[in-house]
Structure formats: structure tokens, C-alpha cells
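I have placed the structure first, in the form of C-alpha cells, so that the comments after it can refer back to it.
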Amino acid sequence: MDQPTDKKQQILCIGSVLWDVVGRATIAMRAGSDVPGRIERIPGGVALNIAMALGRFGLNPSALTAIGRDPEGEELMAACGRLGVSTEHAYRSDDLPTDQYMAIEGANGLIAAIADAHSLEAAGPRILTPLIEGPLGTREAPFDGLIALDGNLTHALLEEIATDAAFAKADLRVAPASPGKAERLTPFLRHSRAVLYVNLEEAGLLCQRTFETSAEAAEALVARGAKRALVTNGAKPCSDGTANGVITACPPEVLVTRITGAGDTFMAAHMAAELSGMDREAALERALHAAAIYVSGELPA
Numbered sequence: 001m002d003q004p005t006d007k008k009q010q011i012l013c014i015g016s017v018l019w020d021v022v023g024r025a026t027i028a029m030r031a032g033s034d035v036p037g038r039i040e041r042i043p044g045g046v047a048l049n050i051a052m053a054l055g056r057f058g059l060n061p062s063a064l065t066a067i068g069r070d071p072e073g074e075e076l077m078a079a080c081g082r083l084g085v086s087t088e089h090a091y092r093s094d095d096l097p098t099d100q101y102m103a104i105e106g107a108n109g110l111i112a113a114i115a116d117a118h119s120l121e122a123a124g125p126r127i128l129t130p131l132i133e134g135p136l137g138t139r140e141a142p143f144d145g146l147i148a149l150d151g152n153l154t155h156a157l158l159e160e161i162a163t164d165a166a167f168a169k170a171d172l173r174v175a176p177a178s179p180g181k182a183e184r185l186t187p188f189l190r191h192s193r194a195v196l197y198v199n200l201e202e203a204g205l206l207c208q209r210t211f212e213t214s215a216e217a218a219e220a221l222v223a224r225g226a227k228r229a230l231v232t233n234g235a236k237p238c239s240d241g242t243a244n245g246v247i248t249a250c251p252p253e254v255l256v257t258r259i260t261g262a263g264d265t266f267m268a269a270h271m272a273a274e275l276s277g278m279d280r281e282a283a284l285e286r287a288l289h290a291a292a293i294y295v296s297g298e299l300p301a
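Going letter by letter, the sequence shown gives residues 1 to 301 in the UniProt record's numbering.
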């Protein structure tokens with residue numbers, strides 16, 4: 001992958017950093033299926049997945065999150081260091097356990113998943129202290145770089161971020177953690193600096209209607225006030241909508257070997273492409289290519 005020209009560019013990734021426990025089978029599954037497969041535990045969470053992908057593009061990602069001081073948390077901190085993701089400013093709790101996510105994937109896609117991000121939610125605004133009281137920024141001197149924000153935060157905290165002076169100069173890139181949390185992004189629908197990254201189902205939840213295509217969804221999100229919306233739809237065309245119109249591109253055809261983290265990889269690749277100076281069309285193509293490589297298993301998780 002090409003790297004942006006500014007390899008020192010720092011991006012803050014705010015949200016979930018946890019352990020992913022993912023079971024994968026190579027055959028189609030349904031509710032109640034009991035099949036052979038592989039189970040692995042890997043560092044994950046939306047914010048961390050984005051940060052890891054950004055690191056592969058030569059950027060300098062830093063995670064603002066909550067990580068426990070339990071053995072799982074210490075192991076996760078060490079893993080982040082090896083992966084090139086700074087956790088220097090993460091909130092560490094003596095009382096809250098390290099969060100985790102569990103998913104089951106079959107040949108026919110994601111079968112079920114449970115995200116236990118209760119510690120992140122309980123930590124609340126404490127994870128933002130480095131942006132409000134320094135050293136990353138203050139309300140008087142806001143951070144003016146790129147921020148990737150995920151929907152694992154509570155609705156109340158996301159509303160606070162949408163209006164807090166500490167975020168007044170940031171380039172906000174926002175994604176829901178899952179369709180079940182998509183409506184938490186409502187405060188950013190009419191935000192002057194927020195770019196939304198959603199899939200077709202999440203777009204429908206935000207607009208309270210059903211869409212057939214990503215282009216239709218992107219157009220509707222912009223009509224509802226979004227500054228910009230990128231809508232993915234699996235292997236079908238993906239769209240980037242702004243007030244200047246909607247552009248659409250098709251993902252490359254690949255054999256899908258994993259799903260968890262694909263949307264996060266798309267988002268990170270798109271951010272990195274735009275930082276390197278690519279226009280809308282080229283950035284969209286680059287992001288789709290990166291996501292395709294990821295789901296094919298050609299890149300490490």
C-alpha cells in the first residue's frame with residue numbers, strides 16, 4: 001500500500017480497544033448450528049481496528065479509550081505497542097475490566113456477535129481528558145487534526161463531543177460500532193465537520209427508512225443534513241455523498257475469508273488516502289481495494 005507523504009501525521013482514534021474472540025467456519029451457518037471451525041483471540045474494537053489499519057499506511061495512531069489494569073488489559077497494552085498503536089493517553093481503571101467482543105462467522109457472513117463495551121461506557125468522559133485538559137488539546141486550544149470516532153461511546157458522550165469546544169477544529173470521521181448502535185450517531189447528522197462512515201443497514205436506521213442502494217442512502221443522509229456520508233454495501237457498490245453529489249464505485253471481487261473489521265479497514269484506508277492528497281474518486285477506490293484485501297485474508301487481522 002502507498003503511504004501518505006506525511007508519515008508523522010497523528011490521528012486520534014476514540015472508542016473501543018478490546019479483545020476480539022472470533023469463531024470462523026468455512027461452511028454456511030444458521031441459528032443453532034454446531035460446526036467445526038477456528039477460534040482466535042486478537043486485539044480489536046472499532047477504534048483499535050482503525051488505528052491498526054492507519055499504522056499500516058505509515059501514520060501515527062493514538063487511542064483514547066478505557067483499558068483495565070487486569071491481566072487482559074496489561075496484555076492488550078503490550079499488544080497495542082507491538083502493533084504501533086500508542087495507548088499513552090488511554091484511561092486505565094483499577095475497577096473496570098478490559099472490554100471484549102465475541103463473534104461467529106460462517107461462509108454466509110456474520111451469524112451473531114456480542115460487544116461487551118461496558119467499561120468504555122462506564123469510563124465516559126474520562127477518556128477525553130487528554131483532549132480537554134491537555135496534553136493533546138484544550139477547549140481554548142483545540143486539537144486540529146483528524147479524529148476517528150466510534151459509536152461504542154454512549155449517546156450522551158457523543159452528544160457532548162458534537163458540541164464541545166475541545167473538538168471545534170477537528171476533522172471528525174465517525175462510524176457506528178454496529179447497526180444496533182447506529183442511532184447514537186444522530187448528533188452528527190447536522191454537524192459541520194463530521195464525515196459519516198456507515199453500511200446500508202446503518203444508513204437506513206439513521207434515516208428511519210429502507211434503502212436499495214448505497215447511492216440512495218448516501219443521498220438521503222446528505223439530505224438529512226450530513227456534511228458527507230460514505231455508505232458501504234458489502235460486495236455491492238459503495239457511495240460517497242456530499243452536497244456536490246454522489247459518486248459510486250464497485251469493490252473488487254475476492255473470496256471472503258473474514259468479515260469482522262472490514263468496515264474499519266475501509267474507513268482507515270479512506271482517511272489515509274485523503275491525507276495523501278487523493279481526490280474523492282481515487283480515495284474511494286483505494287479504500288475499497290484495501291477492504292477487499294483485508295476480507296480476502298491477505299493482510300494480518
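Ideal placement from N, C-alpha and C gives every residue a C-beta, glycine not left out.
This structure is a prediction, so every number in the text was calculated from the model and none was measured.
DSSP, reduced to helix, strand and coil, places P43 within a strand of the structure shown.
Taking the Cα of A112 as reference, the smallest distance to any Cα among V35, M102, F57 is reached at M102. For G263, the enclosing alpha helix (DSSP H) covers residues 262-275.
Secondary structure note for A123: its alpha helix (DSSP H) is the uninterrupted segment 118-123. Between R92 and G245, the alpha-carbon positions lie close to 44 Å from each other. Per the C-alpha coordinates, the member of R224, L110, A269, T210 positioned closest to V22 is L110. Distance from the Cα of H89 is smallest, within the candidate group L131, N49, A243, G55, for L131.
Using a 10 angstroms sphere on the CB of E253, the tally of other CB atoms stays under 16, which defines it as exposed. DSSP places T129 inside the alpha helix (DSSP H), whose first and last residues are 129-132.
Across the structure, D164 and G297 are spaced so that their CA atoms are roughly 39 Å apart.
Rounded to whole angstroms, the gap between the alpha carbons of P36 and A25 is 6 Å.
For A272, the CB contacts under 7 Å within the same chain, skipping 5 residues up- and downstream, are P4, L54, F57, L59 in chain order.
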